[in-house]
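Okay, so here's the structure we're looking at.
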Amino acid sequence: MKAKIAVATVSGKAYYKLVNGLKERGLLFLSLVPGETIPSTVKVVVTTEKEKPLIEHPNLIVFNEDEDPKNVINGAFRMAWGKDVYREVTVGVDPGKTFGVAVLCDGN
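Sequence positions in the sequence shown follow numbering that gives the first Met the number 0 and run 0 to 107.
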């Protein structure tokens with residue numbers, strides 16, 4: 000499976016936060032330098048406001064490096080998979096000694 004999300008930034012702080020958030024969610028992503036050619040498989044590019052003018056892609060999400068990346072990552076995920084809303088949400092709870100939760104949205 001090829002990455003549908005690209006992170007295009009040279010900001011160390013923004014890159015660190017975004018990559019950690021994407022890895023936490025288990026999402027595949029591609030790292031790019033602003034201005035690089037973006038593969039056709041990429042559906043959404045996440046970048047900073049400063050680097051936005053350097054990126055030519057129809058689906059851009061701007062990340063403010065002083066904020067939590069969760070909302071941006073959720074937005075990138077929905078955009079990459081063409082979801083505005085989910086038809087089916089499944090929540091699994093493991094009530095054991097160590098509590099656990101798993102969430103599937105439309106099978107993902």
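All C-beta atoms, glycine included, are put in the ideal place defined by N, C-alpha and C. Source: prediction; values computed, not measured.
Query: Three-state secondary structure (DSSP) of V18; Result: helix
Query: Proximity below 9 Å, CB of L26 to CB of A5; Result: no
Query: Burial state of F98, where buried means 16 or more other Cβ atoms lie within 10 Å; Result: exposed
Query: Segments of 3+ residues assigned as beta strand (DSSP E) that fall wholly inside the segment 30-56; Result: 43-46
Query: Buried or exposed (CB count within 10 angstroms, at least 16 for buried), V45; Result: buried
Query: Sequence-distant residues of its chain with Cβ nearer than 7 Å to V61 (five each side left out); Result: T46, T47, E48 and K51
Query: Distance between L29 and T89 (C-alpha atoms, nearest Å); Result: 28 Å
Query: Endpoints, the alpha helix (DSSP H) within which G74 is located; Result: K69 to A79
Query: Range covered by the beta strand (DSSP E) that runs through L27; Result: Looking at the DSSP string, L27 is not in any beta strand (DSSP E), and its letter there is neither H nor E.
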